[in-house]
Each structure stands twice: as C-alpha cells, then as structure tokens.
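*Asks:* In our numbering, the protein residues as written are 64 to 251.
Virtual Cβ for every residue (Gly too), placed ideally from N, Cα, C.
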C-alpha cells in the first residue's frame, strides 16, 4: 500500500536541525544504515539516504563503528527504524530477545559481535561465527541466566566445575570462553 507520508522526501533543513539536536541518535542510525548498505548490500531507505548525505561518521578518522545494543535497540522499540532483520544480523538476536537481555556479560558479547561485523578494518573468520552461534545456543539452553560469569572467570578459564552445577550453565560458561577467545584469535 502506498504511504504518502513515508514516501515524501524529508526537507534538508529538517534533517540538519535533527542532527544538530541529537548527534548520538544520528550516530546510531548511521551505524545501522552503513552496515545495511556496506555489509549486507541492501538498499537504504529514503530517510537513511538523507541522513548519510548530511551526516557521515566515517569521514571522521577517529570514528570506528561500534555496537551499542541498548542504544540501537531503542531505535527499534521506539519505532524509529523498521528493519529488524539488520539488527538481528548485527547482534545475532531478534529485537524482542534483545529487549529481555539483562546480563552485562551477555550484552558485552552481543556488542562485540556487532562491532566486529560492522568493522571496516577487521574481518572475522568462519570460526568466529561458529563460536558465536554456539554461545547463543548455550544461552538458549541455559535460559539466558544472569551472572553466569560473575566471580567464576578463573574457574571458567581453567575449566573447573563445581559439584552440583547445572550442566547447561557449565556448557554456557565454556561457550562464553570459546567465543571470548574467538574475539581475540579469529578476527584479523
């Protein structure tokens, strides 16, 4: 169905005013738009095209695209973006799943995945994606718990299992370590 409001071009003066008011919002939109265009090779929406014509963060040599799952998630939850498949490709989880994630370590791993996938300077190996998928599968099996890393970092690295620990949590910790290592070893 044709939507006149959606298809109507956004006036240049409105875009420039919006960018001045909220550079952070523009940065998050551009992060997703550039990933959509440059990595997924998908066409840009008229809004994204107009945004990138007036705001291009990669022209600043100090800018390196970085994932920010909470900020990017807010664009989708507030209906400021309508391409959730791009969010899912970046972060590895759907918008509804991401909205429920509360564990800091999990958020950091999802953010790392997006940062590496969006990077113009780093390339991930197939092994990186395999480890990430195994990590997500382990999160699913364990029920997306809170504080599964916590004070257990030494135990995780040394593969120590406490008596009575749930099998799913032990598997999750192992998958976490494997993906964490992949970030350092399987990205060039």
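What three-state label does DSSP hand residue 158 in the structure shown?
*Replies:* If DSSP states are grouped into helix, strand and coil, residue 158 belongs with the helices.
*Asks:* With distances taken Cα to Cα, identify the nearest neighbour of residue 135 among 251, 115, 157.
*Replies:* Looking at the Cα atoms, 157 is the closest of the given residues.
*Asks:* For residue 150 and residue 230, what's the separation of their Cα atoms in angstroms?
*Replies:* Using only the alpha carbons, I get a separation of about 31 Å.
*Asks:* Checking the sheet assignment: what are the DSSP bridge partners for residue 250?
*Replies:* Residue 250 pairs with 187.
*Asks:* Can you list, in chain order, the residues of its chain whose CB lies under 7 Å from that of residue 189, leaving out five sequence neighbours each side?
*Replies:* So the list is empty, once near-sequence residues are dropped.
*Asks:* Would a C-beta distance cut-off of 8 Å place residue 238 and residue 198 closer than the cut-off?
*Replies:* Yes; because the gap between Cβ atoms is below 8 Å, this pair is in contact.
*Asks:* For residue 187 versus residue 102, is the C-beta spacing smaller than 8 Å?
*Replies:* No. Outside cutoff.
*Asks:* Measure how close the beta-carbons of residue 99 and residue 107 come, nearest whole angstrom, since I'm counting them as under 8 Å.
*Replies:* Going by Cβ atoms, the distance from residue 99 to residue 107 rounds to 7 Å, so yes, they are a contact pair.
*Asks:* Where do the N-terminal and C-terminal ends of the alpha helix (DSSP H) with residue 137 fall, by residue?
*Replies:* Looking at the DSSP string, the run of the alpha helix (DSSP H) that includes residue 137 is 132-140.
*Asks:* Could you check if residue 161 is buried or exposed, using at least 16 other CB atoms within 10 Å of its CB as the buried criterion?
*Replies:* Classification of residue 161: buried, given that the 10 Å Cβ count is 16 or more.
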